[in-house]
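When you line the sequence shown up against UniProt numbering, it's residues 1 to 213, in that order.
See structure below.
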Amino acid sequence: MRCLNSRKKINCRATAPDFRRLKPARSLRTALKLKTVCASLSSMKITKIAYSNSFVNSSLCFNCFRNMPAKGPLQSVQVFGRKKTATAVAHCKRGNGLIKVNGRPLEMIEPATLQYKLLEPVLLLGKERFAGVDIRVRVKGGGHVAQIYAIRQSISKALVAYYQKYVDEASKKEIKDILIQYDRTLLVADPRRCESKKFGGPGARARYQKSYR
1 MRCLNSRKKI NCRATAPDFR RLKPARSLRT ALKLKTVCAS LSSMKITKIA YSNSFVNSSL
61 CFNCFRNMPA KGPLQSVQVF GRKKTATAVA HCKRGNGLIK VNGRPLEMIE PATLQYKLLE
121 PVLLLGKERF AGVDIRVRVK GGGHVAQIYA IRQSISKALV AYYQKYVDEA SKKEIKDILI
181 QYDRTLLVAD PRRCESKKFG GPGARARYQK SYR
């Protein structure tokens, strides 16, 4: 950079390093260091940050809240439910009775005519058994009806697995017996599949009409 009234060069040093002039190893090391620092800063509450003069060799001094109450161990289980080509994965953990499917509450799941099918585990077991857990379900594949059946199966299996792992065996057995007595597919996947079409007819078994005369 040159001044307008003089031919002397003006030394303009940027605060940030010029990565084009750094050696490849040093620039990579700098980028990794900055990435680590940013990750640490985003995961902790910072009360004071002091930067030194150099941006590359800057030292970060921070004081964290050390007296924050420690959280208990995370109690969670992950199960899946299937119906035809639809797959629903349910994450069940300790919570306040929240149940969501793809980020939406059960009342917003379509089709509305099959919402009672979706609520069958809650209606059978009662809200008090779901009061201490949060269940979040992700479903993909299949059609609307197949997804409904996959969701209800994943919710039922998630509650059974959670009670088996973190509550007691007697409660888990009671829940399992209630579900199986009402509908076995709440816990066991339906293995039936559509039979493929064959030649000579419009479907798997039906044949085209023919005439002899």
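Just so it is clear, CB atoms sit at the ideal spot from N, CA and C, and this is done for glycine as well.
Local conformation of residue i per DSSP, three classes
i    : result
D177 : helix
I109 : coil
A25  : Because A25 carries a pLDDT of 48, less than 50, the predicted location of this residue cannot be relied on, and the following value inherits that uncertainty. Correct three-state label for A25: helix.
L60  : Legend: pLDDT at L60 = 38, less than 50; position of this residue unreliable, value from coordinates given subsequently. Three-state DSSP puts L60 in coil, outside helix and strand.
R104 : strand
S211 : coil
R192 : coil
S52  : Any answer about S52 is weak, because its pLDDT of 39 lies below 50 and its placement is not dependable; what the coordinates show is given next. Reduced to three states, the DSSP call for S52 is coil.
M44  : Note that M44 scores 48 on pLDDT, short of 50, meaning its location in the model is unreliable; the coordinates nonetheless yield the value given after this. Looking at M44 - three-state DSSP - the assignment turns out to be coil, as it is neither helix nor strand.
L4   : Confidence in L4 is poor, its pLDDT being 49 and thus under 50, which makes the residue's placement too unreliable to answer from.
Buried versus exposed, by CB contacts within 10 Å (16 or more), residue i
i    : result
V77  : buried
P105 : exposed
Y162 : buried
S121 : The sequence given here places Pro at residue 121; Ser does not occur at that position. By the neighbour-count rule (16 or more Cβ atoms within 10 Å), P121 is buried.
L123 : exposed
C92  : buried
Q153 : buried
L179 : buried
R192 : exposed
T15  : Since pLDDT at T15 reaches only 48, below the 50 mark, its modelled position is unreliable, and no value is offered.
G81  : buried
Residue(s) in a DSSP beta bridge with residue i
i    : result
G81  : A88
D168 : DSSP lists no partner for D168.
R94  : V133
First and last residue of the uninterrupted beta strand (DSSP E) at residue i
i    : result
R136 : V133 to K140
K100 : I99 to V101
Bounding residues of the alpha helix (DSSP H) (the contiguous stretch that carries residue i)
i    : result
G121 : It should be pointed out that residue 121 corresponds to Pro in this sequence rather than to Gly. Unbroken alpha helix (DSSP H) run through P121: Q115 to L125.
Y162 : H144 to Y162
Taking contact to mean 3 or more Cβ pairs, one atom from each stretch, closer than 8 angstroms, check whether the stretch 139 to 151 and the stretch 76 to 93 are in contact. Segments in contact, yes.
Counting Cβ pairs closer than 8 angstroms, one from the stretch 109 to 119 and one from the stretch 148 to 155, do we hit at least three? Below 8 angstroms, enough C-beta pairs join the stretch 109 to 119 and the stretch 148 to 155 to call them touching: three or more.
Tell me whether the stretch 92 to 106 and the stretch 119 to 134 touch, counting them as touching only if at least three CB pairs, one residue from each stretch, are closer than 8 angstroms. Contact between the stretch 92 to 106 and the stretch 119 to 134 is present, because at least three Cβ pairs lie under 8 angstroms.
The stretch 182 to 194 contacting the stretch 150 to 169, beta-carbon criterion three pairs below 8 angstroms: At 8 angstroms Cβ cutoff, the stretches touch.
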